[in-house]
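Protein chains in written order, with the UniProt record's numbering: chain F, 1 to 337; chain D, 1 to 260.
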């Protein structure tokens, strides 16, 4: 492979990785926020997230023949997924985790895995009632086209990107914009509002937050609502990106996003974003090992194709746990006495 | 005797004793509290009248902290009555009692280490929604503790113990409490800081008529600024009365004031 072909190829692999990474980042936020307030790894988050993807599928399916603007359809899908996933997450905490608040840590952890399995089969059952298992997104017209390929007004930008070899679809660009807006909103809520300050206070010291008049249970519910809503957003983005999902599709991205949260430093919001982006890129690079192998004349590497790509995040997880257990941006909680 | 007198010279003078003939602001009657199976409070009866500084002294494990925790609602008494401003507040959670004008500065200060000094104060003002009022209170806090103003944007966890104690008190004052519960405010502080903290307590009491329930290991200091005092021992009330009388009591002097 010539350098003139290889460079754009690598650029696209990285861009694809970043796009995927944004999905992981938004999912990872759900894990990290809940961990922040409860020190609980909410393994049900992968299903909260895939529930969002199913809601998105349903919205696009119901609206597929409507003449409505595609972006409006997307907005409805996002809002519906946020509401359903957000409320589902609140409900899970209320019914499954809160009664176990005083129990040893392992108990809610196993409960979370149980909730995860229950939700998977509930989703499969609900879609099965309508004779569906694999759910294929019916995206609005144009979403799967090349970015700025047809619209005349942005054709110059599209042409420019193609000249430098960047090859993205409109839906990828939409995905990144939605992810950035979500991150911006979250950052505002957490760092600039009274609610955000209260959530941070509860995540640092629940008992003392109570002495400040903060109802910690309410803040824990708020955290599950926000984390769940982000899960809903990421579900729709995931469905848009991969096109076909089913009730069990949450597991893989869920566990990778969890790894991203640990990589960035569990409990840290910027860490979750950084971890998600890194893992997206790493996963995509591993997925093209065969191409690098061919290039370097190493035939053995030729068998390592995209189907191996998921080992990347886990190798990273093991390394991070060995060398920097607090994660890249995580803080070890040293308290001054 | 010399030990006591050196301390007394540095302690600020409290305001004249307030009227203690009416209904007390805070009344605990035969309170029993437990940590699982440990019987921590064995029938505590205690009153605090509006405008009083009441000291709670006693050794380790006497139940001083548990008494404060029970009052603020961090824990629920098993039996007994607890009334505050004429209302039964036994078992009312802390986030509700504090809305009734009660502020609790917990043992060990419990500063939010990852929040800045200003954010700590703002969290203290969580129940206030008027932004202007919050800012006013933050400035009042800075006026009481100029040191905090200098540290405004520093993370709470990076400050010294004395500064953290100032922040903990300033944070509790954000809501302009009627009843302030202070748990060991002098613990681990240098004498200079101890003096500053006790000055503030007296000043608050004089200027705002804030009622203070003060738990202290430093009994000398506590008795010097308090109007009345209670002595606890292994969960029971041993003695109560005017602080100046308690300070003269032979058994108290031997047990808590370092007299031979």
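Using N, Cα and C, we set each Cβ at its ideal position, and we do this for glycine too. Because the structure is a prediction, the values reported are computed rather than measured.
Check                                                                                                                                                                       : Outcome
Starting from the beta carbon of residue 165(D), find every residue of chain A whose beta carbon is closer than 8 Å, and list them in chain order.                          : No chain A is part of this structure, whose protein chains are labelled F and D.
Using a cut-off of 7 Å between C-beta atoms, extract the partners of residue 124(D) located in chain F.                                                                     : 212
Could you tell me the boundaries of the alpha helix (DSSP H) in which residue 115(D) lies?                                                                                  : Counting along the chain, residue 115(D) falls outside any alpha helix (DSSP H), and DSSP gives it neither H nor E.
Report buried or exposed for residue 323(F), applying the criterion of at least 16 other Cβ atoms within 10 angstroms of its Cβ.                                            : exposed
For residue 138(F) and residue 61(F), which I take to be in contact (beta-carbon distance under 8 Å), what is that distance rounded to the nearest angstrom?                : 6 Å
Alpha carbon to alpha carbon, what distance is there between residue 95(D) and residue 26(D)?                                                                               : 18 Å
Applying a beta-carbon distance threshold of less than 9 Å, which residues of chain D neighbour residue 204(F)?                                                             : 112, 113, 114, 115
If you measure between the beta carbons of residue 57(F) and residue 254(F), is that distance less than 9 Å?                                                                : no
With DSSP collapsed to three states, give me the class of residue 228(D).                                                                                                   : strand
Quick check on residue 240(D): does DSSP put it in helix, strand or coil?                                                                                                   : strand
Just curious, the alpha helix (DSSP H) that residue 121(F) is in, first and last residue?                                                                                   : 106-129
Among the candidates 233(D), 225(D), 205(D), whose CA atom is the shortest distance from the CA of residue 61(D)?                                                           : 233(D)
Residue 228(D): which of 32(D), 56(D), 75(D) sits nearest, CA to CA?                                                                                                        : 56(D)
Compare the C-alpha of residue 93(D) against each of 253(D), 238(D), 71(D) and name the closest.                                                                            : 71(D)
Who are residue 13(F)'s beta bridge partners in DSSP?                                                                                                                       : Beta-bridge pairing links residue 13(F) to no other residue.
Check the Cβ of residue 98(F) against every Cβ in chain D and list those closer than 8 Å, keeping chain order.                                                              : Result: empty, since nearest Cβ-Cβ is about 15 Å, beyond 8 Å.
Specify the secondary structure class of residue 234(D) as computed by DSSP and reduced to three states.                                                                    : coil
Going by C-alpha distance, which of 221(D), 188(D), 117(D), 245(D) is nearest residue 146(D)?                                                                               : 117(D)
Who are the Cβ neighbours of residue 12(F) in its own chain at under 6 Å, not counting the five residues just before and after it?                                          : 167
Under 8 Å between beta-carbons, which chain D residues line up against residue 208(F)? List them in chain order, please.                                                    : 106, 110, 112
May I ask you to list the residues that DSSP assigns as paired with residue 34(D)?                                                                                          : 39(D)
My understanding is that residue 213(F) touches residue 127(D), with C-beta atoms under 8 Å, so please give their C-beta distance in whole angstroms.                       : 4 Å
Measuring alpha carbon to alpha carbon, tell me which residue in 215(F), 105(F), 224(F), 50(F) is nearest residue 246(F).                                                   : 50(F)
Under 8 Å between beta-carbons, which chain D residues line up against residue 198(F)? List them in chain order, please.                                                    : 123, 126
Identify which residue in 37(D), 137(D), 143(D) has its Cα closest to the Cα of residue 124(D).                                                                             : 137(D)
If we define contact as Cβ-Cβ less than 9 Å, is residue 6(D) a contact residue for chain F?                                                                                 : Confidence at residue 6(D) is low in this model, with a pLDDT of 42, below 50, so its placement is unreliable and the value that follows should be read with caution. Chain F contact via Cβ: absent.
Using 10 angstroms around the beta-carbon of residue 130(D), count the other beta-carbons present and answer buried if the total reaches 16, otherwise exposed.             : exposed
Which of helix, strand or coil does DSSP assign to residue 175(D)?                                                                                                          : coil
How close, in whole Å, do the beta carbons of residue 78(F) and residue 230(F) come, if the pair is a contact with beta carbons under 8 Å?                                  : Not a contact, Cβ separation roughly 11 Å.
Within 9 Å of any Cβ in chain F, is that where the Cβ of residue 175(D) sits?                                                                                               : yes
According to DSSP, residue 47(D) sits in a beta bridge with which residue or residues?                                                                                      : 27(D)
Starting from the Cα of residue 248(F), find the closest Cα among 286(F), 6(F), 124(F), 23(F) and give me that residue.                                                     : 124(F)
On the premise that residue 205(D) lies in contact with residue 215(D), defined as a C-beta separation below 8 Å, what is that separation, rounded to the nearest angstrom? : Incorrect: roughly 16 Å between the Cβ atoms, too far for contact.
So residue 261(D) is in the beta strand (DSSP E); what residue range does that whole segment cover?                                                                         : For residue 261(D) there is no data in the structure shown, the boundaries of chain D being 1 and 260.
List the residues of chain F that residue 237(D) touches, going by C-beta distances under 8 Å, in chain order.                                                              : Correct list: empty, because the minimum Cβ distance to chain F is about 25 Å.
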